[in-house]
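**Q** Residue numbers (this note's numbering): 76 to 355.
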Ligand code: SAM
């Protein structure tokens, strides 16, 4: 039976184009078009928006994004085997799907996109965190995107939305909460994917704030946070050793006890510390 968009069901697409999943490319496909439509809806109102999708694969989520009204989808896919299947989707939605074959880590999508821009992807697990960190640390804020709607392994999703004091709290949660809001929008069991991965997954929805919650130099904040969590079990006076002269005074001036550990320090305190360190 043809799907609602007049294109074949995804199992048929995979069989026709010989798209056996490759582990090396992090390929776990979503074949249920109801589910991909549901994920596309989590990305917000797509009418009048360009959408960046990394790793469209056979195109389940791509079809959801186009059916939900995206003005244009820019899809970057490393696996050339997927291109004929994606071309069929493009033919069904003339002028609205641009596919670039290549590595998303090496391609600048901004040349091909017009604001407002949203990002929606079932990311390859091996590059997901790296892409998220890049999108969270652009040279200018607000960033090029209004929202990010991204699939991660459940454990990574929990690190993105973690609160201070929890085991999952760390660099990712801090980077996100400084200038954005993040929530888990959907949880998916392994069986939602073909082939099923070993672990559960979750869709995280991130919206950019117009300004950071507290002032800080992004590079200094990143350095402080990375160093603090690199040795998260150590007291901060040891974990941050060498960061700045008079470290203990600077910690105290930021409202942090030198004997505290990174996971109990709030975003506001880390931002204060970044300012106090930058003032060296
Ligand atoms: N979006 C499809 C879906 O939901 O069924 C496929 C998702 S699959 C988890 C990840 C996709 O990313 C694969 O199609 C894979 O070939 C592609 N991919 C892997 N590494 C990539 C990279 N560095 N740049 C672009 N695409 C990549």
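Note that CB positions come from ideal geometry on N, CA and C, so glycine has one too.
Since the model is a prediction, treat every value here as computed from it, not as a measurement.
#1: By the three-class DSSP mapping on this structure, what secondary structure does residue 92 have?
#2: At the level of alpha carbons, what is the spacing between residue 180 and residue 321?
#3: Taking the runs of the beta strand (DSSP E) that are 3 residues or longer, which of them lie wholly in the stretch 250 to 289?
#4: Taking a contact to mean a Cβ-Cβ separation below 7 Å, would you say residue 255 touches residue 281 in this structure?
#5: To which residues of the same chain is residue 147 closer than 6 Å at the C-beta, ignoring the five residues directly before and after it?
#6: Have a look at the DSSP bridge pairing and note the partners of residue 145.
#7: Decide if residue 224 is buried, meaning its Cβ has at least 16 other Cβ atoms within 10 Å, or exposed.
#8: In three-state DSSP terms, what is residue 151?
#9: Between which two residues does the alpha helix (DSSP H) harbouring residue 323 extend?
#10: Is the Cβ-Cβ distance between residue 349 and residue 307 less than 7 Å?
#11: Kindly indicate the opening and closing residues of the alpha helix (DSSP H) around residue 109.
#12: Have a look at 253, 208, 276, 197 and flag the residue whose alpha-carbon is nearest the alpha-carbon of residue 230.
#13: Under the DSSP definition of a beta bridge, which residues are partnered with residue 194?
#14: Can you tell me the Cα-Cα spacing of residue 292 and residue 249, whole angstroms?
#15: Is it the case that the Cβ atoms of residue 259 and residue 247 are separated by a distance below 7 Å?
#16: Do residue 221 and residue 191 come within 7 Å of each other at the CB atom, strictly closer than that value?
**A** Once the coordinates are examined:
#1: In the chain shown, residue 92 corresponds to position 17, counting from 1. Coil.
#2: Here residue 180 corresponds to residue number 105 of the chain shown, with the count starting at 1. Here residue 321 corresponds to residue number 246 of the chain shown, with the count starting at 1. Their backbone Cα atoms lie some 39 Å apart in a straight line.
#3: 255 to 263, 276 to 283
#4: Looking up residue 255 in the chain shown gives position 180. Looking up residue 281 in the chain shown gives position 206. Contact flag set, yes.
#5: Position 72 of the chain shown holds residue 147. So the qualifying residues of the chain are 125, 171.
#6: In the chain shown, residue 145 corresponds to position 70, counting from 1. Bridge partners of residue 145: 122.
#7: On the chain shown, position 149 is the one that residue 224 refers to. Its Cβ being crowded by 16 or more others within 10 Å, residue 224 is buried.
#8: In the chain shown, residue 151 corresponds to position 76, counting from 1. Looking at residue 151 - three-state DSSP - the assignment turns out to be strand.
#9: Walking along the chain shown from the start, residue 323 turns up at place 248. From DSSP, the alpha helix (DSSP H) with residue 323 extends over 322 to 328.
#10: For the purposes of this step, residue 349 is taken as residue 274 along the chain shown, with counting starting at 1. For the purposes of this step, residue 307 is taken as residue 232 along the chain shown, with counting starting at 1. No, Cβ-Cβ distance for residue 349 and residue 307 is not below 7 Å.
#11: Mapped onto the chain shown, residue 109 falls at position 34. Here the alpha helix (DSSP H) through residue 109 covers 108 to 117.
#12: Taking the chain shown and counting its residues from 1, one reaches residue 230 at position 155. Among 253, 208, 276, 197, the Cα nearest to that of residue 230 belongs to 276.
#13: Taking the first residue of the chain shown as position 1, residue 194 is located at position 119. Partner(s): 127, 223.
#14: By 1-based counting over the chain shown, the position of residue 292 is 217. By 1-based counting over the chain shown, the position of residue 249 is 174. Rounded to the nearest angstrom, the two C-alpha atoms are 14 Å apart.
#15: As a first step, residue 259 is located in the chain shown; it is residue number 184 there, counting from the start. As a first step, residue 247 is located in the chain shown; it is residue number 172 there, counting from the start. For residue 259 and residue 247, no; Cβs fall outside 7 Å.
#16: The residue labelled residue 191 in the question sits at position 116 within the chain shown. The residue labelled residue 221 in the question sits at position 146 within the chain shown. Cβ distance < 7 Å, so residue 191 and residue 221 count as in contact.
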